[in-house]
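One structure is given below, encoded as structure tokens.
Protein chains in written order, with our numbering: chain B, 716 to 1213; chain D, 172 to 299.
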């Protein structure tokens, strides 16, 4: 392997722009790819070269690995960065890049394959000594054997049909006295629904946090971790706010999680940037953690780590993919201050988070000390329904969590997006919520409280806003009907929706 | 409250001084619908061009255009009204908002009462 000279970014939106920014700093030429819907998109304008892939649906463009590789070869690229989503975790794509003589900026195909299978990954992690949620399917399915298995995994436990899904036949047992009845009911329901009464038992982790560890490995045998990110503020498994450090981690638990993540990466001969996701039960010294899965790519929320650890993960990715050793050692890495990321989604919280589509009539990002915005849109951008609704990420850093929280709030109040509704009013409510302030949010919080937060985010605007609208409409170039409303716009005010 | 003073700041931004404090407001959008931004809050304002029918609200009734308080009801069931007559007066954002008859007709029912806090999109009154 040798230094990358021209990189094709097989992605769109903010992550493509962010990777191109790193390339410009490093003197690497960039090649964008785009679909019919993205011909005018900021990531295409930011690149040195651009290749059209195909129609707007992702399967005809960003998900078509053969087209992407053909684009890279035609543009003279020597490497491909997959970003996140799309082709980033597809082992066959990484393999196809190798076969085409292109450097894949990510882990080897074999690591992708091994972490891609949930069951296989779980077995590998157990062998590597990484904690997983205790669970088993006893070969002997008698009540006595299952009760013994439940005692091994511990209470509270979850009994579920081995063949099942969708919550059917799942029973929570909190004491040994409940086991007999729950087993009989679960077996009946499993047999009725799936024609198979085989039962699986596992520990139920109640109100867990989602805490993940950033890892990085090179081709020279170095593997390090870059501490944690707390991502419990998620709605239907879609993360909305991430932060680092995680307020619930004691130094000892943090260190144990870091070591577990490094062991997980070593177990699959990992290379480049990756993330081990864990469930965290409890907090402080008593907290316990369980491996969930490994994300074999750069994460959306990587800037949180960059801010707190003071590294550039994309620079490191490009260096490692080019064959260099990691630019940092474990001992050189430490956390400083606190970072919070807010994902700005084109979704209307007041309408049940319906994805929004339309043209951005006005777009202005906040600025100031400790404020970073990674975005893939600009004023005039057409937001389509074809792709992920994330427009941008606001990342703030502060000396303490509270400084970062207040900075995020001020920045959100200064983030102007007009033309489509976004979740910014919702984020303002979330960051002011007492549980966010107290850092006690678990992964179920937004699913439980989201509707109330959304309702609270509908607030009254000051009358001053209307005065500005009247002035705006008074100027002919905007309204197209000069003078018709100059007399008294308030008296004919129509739908006023916040 | 004194008349607000609006100073254009360029590129669709305005400084509005309402006599108590100053607000930085952004406005965008052509035609009947404007988007307005202030302090992280966003709203759409629909002001129908005269001569065109309102997009919301059917022929059979009159809808509340915004969250508001009903401060006066000027008509009663059975009463004949002419297009443009004030039917109901709402108050929101410290301003009175007369709800006028969209056409000639006879009031069938009044679906709100003085003092009600009405959300947007609710039928306030039905015509025959």
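The beta carbon of each residue, even a glycine, is placed where N, CA and C say it ideally should be. Predicted model, so just to flag it, every value in this text is computed and none were measured.
Report task. Report the residue ranges of all alpha helix (DSSP H) runs contained in full by the segment 801-837 of chain B; include only those spanning at least 4 residues, in chain order. Result -> Here the runs fully enclosed are 806-814, 824-831.
Query - Integer-rounded CB distance, given that residue 743/B should sit under 8 Å from residue 720/B - result: Confirmed, Cβ separation roughly 6 Å.
Query - CB contact check: residue 200/D to chain B, cutoff 8 Å - result: Judged by the 8 Å Cβ criterion, residue 200/D is in contact with chain B.
Report task. Using a cut-off of 8 Å between C-beta atoms, extract the partners of residue 175/D located in chain B. Result -> Those are 1178, 1179, 1182, listed as they occur along chain B.
Query raised in the report: How many angstroms separate the CA atom of residue 794/B from the CA atom of residue 750/B?
Result: Pairing residue 794/B with residue 750/B, the inter-Cα distance amounts to about 20 Å.
Query raised in the report: Quick one: which chain D residues come within Cβ less than 8 Å of residue 1122/B?
Result: Result: empty, since nearest Cβ-Cβ is about 14 Å, beyond 8 Å.
Report task. Anything in chain B within Cβ reach of residue 183/D, meaning under 9 Å, just list it in chain order. Result -> Within chain B, the residues near residue 183/D are 1076, 1077, 1133, 1187, 1193.
Report task. Could you tell me the distance, in whole angstroms, from the CA atom of residue 220/D to the CA atom of residue 204/D? Result -> Note on residue 220/D: pLDDT 49, under 50, position unreliable in the model; no value is reported.
Query raised in the report: How would you write the range of the beta strand (DSSP E) that residue 876/B sits in, first residue to last?
Result: In the DSSP annotation of this structure, the continuous segment of the beta strand (DSSP E) that includes residue 876/B starts and ends at 872-876.
**Report entry** Rounded C-alpha distance that separates residue 1108/B from residue 772/B
**Finding:** Annotation: residue 1108/B to residue 772/B spans about 24 Å, alpha carbon to alpha carbon.
Query raised in the report: In or out: residue 807/B buried (at least 16 other Cβ within 10 Å) or exposed?
Result: Answer is exposed; the Cβ neighbour count stays below 16.
Query - Contact list for residue 211/D against chain B, beta-carbon separation under 8 Å - result: Going along chain B in sequence order, the residues near residue 211/D (Cβ under 8 Å) are 1127, 1128, 1129, 1130, 1139, 1140, 1143.
Query raised in the report: Can a CB atom of chain B be found closer than 8 Å to the CB of residue 216/D?
Result: Interface residue, yes.
Query raised in the report: Do you know offhand how far residue 1100/B's Cα is from residue 833/B's?
Result: Straight-line Cα distance between these residues: approximately 30 Å.
Query raised in the report: By Cβ distance below 8 Å, which residues in the same chain neighbour residue 224/D in space, the five residues on each side in sequence not counted?
Result: Because residue 224/D sits at a pLDDT of 43, beneath the cut-off of 50, its placement in the model cannot be relied upon, and the point is left open.
Query raised in the report: Grouping DSSP H, G and I as helix and E and B as strand, with all else coil, what is residue 225/D?
Result: With a pLDDT of 43 at residue 225/D, under the threshold of 50, the modelled position of this residue cannot be trusted, and the question is left open.
Report task. Specify, as a first and last residue, the run of the alpha helix (DSSP H) that residue 1118/B falls within. Result -> Counting along the chain, the unbroken alpha helix (DSSP H) around residue 1118/B starts and ends at 1116-1128.
Query - Interface flag, residue 223/D vs chain B, CB-CB below 8 Å - result: Any reading at residue 223/D must be qualified, since the residue scores a pLDDT of 42, below 50, and its modelled position is unreliable; the value itself is stated next. Residue-level contact by beta carbon fails for residue 223/D and chain B, as no gap is shorter than 8 Å.
Query - Nearest candidate by alpha-carbon position, reference residue 284/D, set 253/D, 243/D, 268/D - result: Taking only the C-alpha atoms, the option nearest residue 284/D is 243/D.
**Report entry** Neighbouring residues, chain B, relative to residue 189/D (Cβ below 8 Å)
**Finding:** Within chain B, the residues 1177, 1178, 1179, 1182 have their CB atoms less than 8 Å from the CB of residue 189/D, given in chain order.
Report task. Report the option in 958/B, 936/B, 1010/B, 990/B whose CA atom is closest to the CA atom of residue 1119/B. Result -> Measuring from the Cα of residue 1119/B, the nearest candidate turns out to be 958/B.
Requested in this report: Note down, one range per segment and in chain order, each beta strand (DSSP E) of at least 3 residues found wholly within the segment 721-778 of chain B.
Outcome: List check, beta strand (DSSP E) in window: 721-724, 744-750, 764-769.
Query - DSSP-derived helix/strand/coil call for residue 1022/B - result: Three-state DSSP puts residue 1022/B in a helix.
Query raised in the report: Would a check of beta-carbon distances place residue 260/D closer than 8 Å to chain B?
Result: No, because no Cβ of chain B sits closer than 8 Å to the Cβ of residue 260/D.
Query raised in the report: Expressed to the nearest angstrom, what Euclidean distance is found between the alpha-carbon atoms of residue 193/D and residue 1083/B?
Result: C-alpha separation (whole angstroms): 21 Å.
Report task. Closer than 7 Å by C-beta to residue 1070/B: which residues in its own chain qualify, once you throw out the five before and the five after it? Chain order, please. Result -> Excluding sequence neighbours, residue 1070/B sits near 1061, 1062, 1100, 1104.
Report task. Quick one: list the residues of chain D neighbouring residue 1136/B, beta-carbon separation under 8 Å, in chain order. Result -> Those within 8 Å of residue 1136/B in chain D are 213.
Requested in this report: Please list, in chain order, all residues of the same chain as residue 298/D whose beta carbon is under 7 Å from its beta carbon, the five residues on each side excluded.
Outcome: Closer than 7 Å at the Cβ level, and outside the excluded window around residue 298/D, lie 231, 232, 276, 277, 278, 279.
Query raised in the report: For residue 251/D, which residues from the same chain have a beta carbon less than 6 Å from its beta carbon, with the 5 sequence-adjacent residues on both sides left out?
Result: Result list for residue 251/D: 277, in chain order.
**Report entry** Below-8 Å beta-carbon distance, residue 242/D vs any chain B residue
**Finding:** With 8 Å as the cut-off, residue 242/D does not count as an interface residue toward chain B.
Query raised in the report: Does the beta-carbon distance from residue 811/B to residue 780/B come in below 8 Å?
Result: Result yes, Cβ atoms of residue 811/B and residue 780/B sit closer than 8 Å.
**Report entry** Nearest-angstrom beta carbon gap, residue 1051/B and residue 1023/B [assumed within contact, 8 Å]
**Finding:** Yes, they are in contact, since the Cβ atoms of residue 1023/B and residue 1051/B sit about 6 Å apart, within 8 Å.
Query raised in the report: Using a C-beta to C-beta distance shorter than 8 Å, which residues of chain D count as neighbours of residue 1174/B?
Result: Within 8 Å Cβ-Cβ: 212.
**Report entry** 8 Å Cβ cutoff, residue 250/D in contact with chain B
**Finding:** Using beta-carbon distances, residue 250/D does not count as an interface residue toward chain B, since no partner is under 8 Å.
Query raised in the report: Is it true that the CB of residue 778/B sits closer than 8 Å to the CB of residue 802/B?
Result: Yes, these two residues count as a Cβ contact at 8 Å.
Query raised in the report: Is there contact here, the segment 813-825 of chain B with the segment 783-794 of chain B, by at least three beta-carbon pairs under 8 Å?
Result: The answer is yes - the segment 783-794 of chain B touches the segment 813-825 of chain B, with three or more Cβ pairs under 8 Å.
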